[in-house]
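Read the structure below first, then the notes.
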Amino acid sequence: MGIFLVFVFVFFLLLSVTVLSFVLVPEQLQLEQDSNNNGQRNASSLDSGSGDGNMTMRVDISQVTQILKHPKAFIYQRFLFDEECDHIIGLAKDKLKKSEVITTDDVEIGMISDERTSSDTFLELNQDEVVSRIERRIATWTFLPEGNGEGIQVLRYEKDEKNDPHYDSYGDNTTSGHRMATLIMYLSDVQKGGETVFPLGKENDKEDDDTWSDCAKKGYAVKPKRGDALLFFNLHPNSTEDMDSLHGGCPVIQGVKWSATKWIHVNPYGVIKKPSGCADEKEECTIWAEDGECQKNPEFMLGTKFSVGNCLKSCNVC
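Residue numbers (mature numbering (1 follows the signal peptide of the UniProt record, and there is no 0)): -21 to -1, 1 to 297.
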């Protein structure tokens, strides 16, 4: 725990400094702007392993603004290139399924709920060269180890779809610990609605501004803007949960919202606590198995390479 506290303290110190100045190390040089195409690279350069494609690992700290102190939250304008946004959407659009929820008491793990009505899918860690560069860029900006992050979750919100206010910093059945930080990358503009709102954050002066949704007026809100990234921290430096990190996704009123979320844990992600024997983790496992959940919801019932299943005995896998 002591090492963790020192790490977090040093991290916040470094991030605060970089908001005010450039850190001139090889992978943090200021992005060179291409005046011919407003700073965007073409798709071929993103896919290549040389040339301008290497620029995608560098970050421009002048584009970073701290927007909240409680929770600590930052906006990085144009964190992603347009081509990267399109690439991520292209990887995800044919693999989307209805989003599921995870609650602190685990009752609704893997369950569809009207609290969250989007569709989503997860990308594999370092799924391809473009995703790998984005992963490295995230680590370069945040100073958080790349190995502590989950695979990127890509979400699509259509009209009236939303994500009710919730916390990300829950414990799980791995040694990865809590989700220390959340990074939301906006892949599309939204005509109206779809804001990320912090109900316990300071109020915005936007009550008379019709460009904000009613949901966004209930707290501090961030409009989804294609290419921008929102970083906020779910834990205090002493590792306790920051209750001000409560956040949600406002309903989309007009347009379609695409976003990509990266959760970063306290410890390396994917180290599984192996069960001591063949057993079910939930009393309801027998009923769920009889209802066919072993086939319908294998991630929750059987587990994945990153998590242990909750109903191994009832699903007859041990």
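No residue lacks a Cβ here, since even glycine has one placed at the ideal position from N, Cα and C.
With the cut-off set at 7 Å, would you say GLY198 and PRO178 are in Cβ contact? yes
Return yes when the Cβ of VAL287 is within less than 7 Å of the Cβ of HIS157, no when it is not. no
Contact under 7 Å by Cβ, LEU166 with ALA118: no
Can you give me the start and stop residues for the beta strand (DSSP E) that VAL296 sits inside? Neither: VAL296 is in no beta strand (DSSP E) and is coded neither H nor E.
Could you check if THR265 is buried or exposed, using at least 16 other CB atoms within 10 Å of its CB as the buried criterion? exposed
Hey, how far is the Cα of TRP191 from the Cα of PRO203? 11 Å
Thinking C-alpha only, which one of ILE232, LYS76 and LYS275 is nearest VAL133? LYS76
Hey, quick one: how far does the beta strand (DSSP E) through TRP237 stretch, first residue to last? 236 to 244
Taking the C-alpha atoms as reference points, what is the distance between ASN213 and ASN295? 37 Å
If we call anything under 7 Å between Cβ atoms a contact, is ILE131 one with LEU102? yes
Considering only DSSP beta bridges, list what VAL231 is partnered with. LYS138 and GLY172
Note down, in chain order, each residue of its chain lying with its Cβ closer than 6 Å to the Cβ of ILE243, except the 5 sequence neighbours on either side. LEU123, ASN127, GLY128, MET159 and ALA160
Under 8 Å by Cβ, that's how I've got PHE53 and LEU210 pegged, so tell me the actual separation to the nearest angstrom. 5 Å
Inter-residue spacing [alpha-carbon to alpha-carbon] between ALA258 and GLN106: 33 Å
Would a C-beta distance cut-off of 7 Å place PRO230 and GLY172 closer than the cut-off? yes
Taking the beta carbon of MET280 as the centre, do at least 16 other beta carbons fall within 10 Å, making it buried, or is it exposed? buried
Measure the C-alpha to C-alpha separation of GLY206 and VAL169 and round it to an integer number of angstroms. 12 Å
Quick check: what's the CA-CA separation for ILE46 versus ILE40? 14 Å
Let me check understanding here. Comparing Cα to Cα, which of TYR55, VAL110 and PRO50 lies closest to HIS66? VAL110
Between TRP120 and VAL201, which are expected to be in contact by the criterion C-beta below 8 Å, what is the C-beta distance as a whole number of angstroms? Actually they do not touch by this definition, with Cβ atoms about 17 Å apart.
If SER148 and SER78 are in contact, beta carbons under 8 Å, what's the gap, nearest whole angstrom? About 19 Å; that fails the 8 Å criterion.
Taking C-beta to C-beta, are GLU108 and GLU125 nearer than 7 Å? no
Among GLY228, LYS48, VAL43 and ARG112, the one whose alpha carbon lies nearest that of residue 326: Any question about residue 326 goes unanswered here, given that the chain covers just -21 to 297.
Just how far apart, CA to CA, sit TYR248 and ASP139? 33 Å
Where are the beta strand (DSSP E) runs, 3 residues long or more, that stay fully inside the stretch 92 to 136, in chain order? 98 to 101 and 132 to 136
From ILE232 to ALA195, what does the alpha carbon distance come to, in whole angstroms? 12 Å
In the DSSP assignment, what residue or residues form a beta bridge with ILE68? Partner(s): none; ILE68 has no beta bridge.
Assigned secondary structure, residue 316 (DSSP; H/G/I helix, E/B strand, else coil): One cannot answer for residue 316 here, as it falls past the ends of the chain, which runs -21 to 297.
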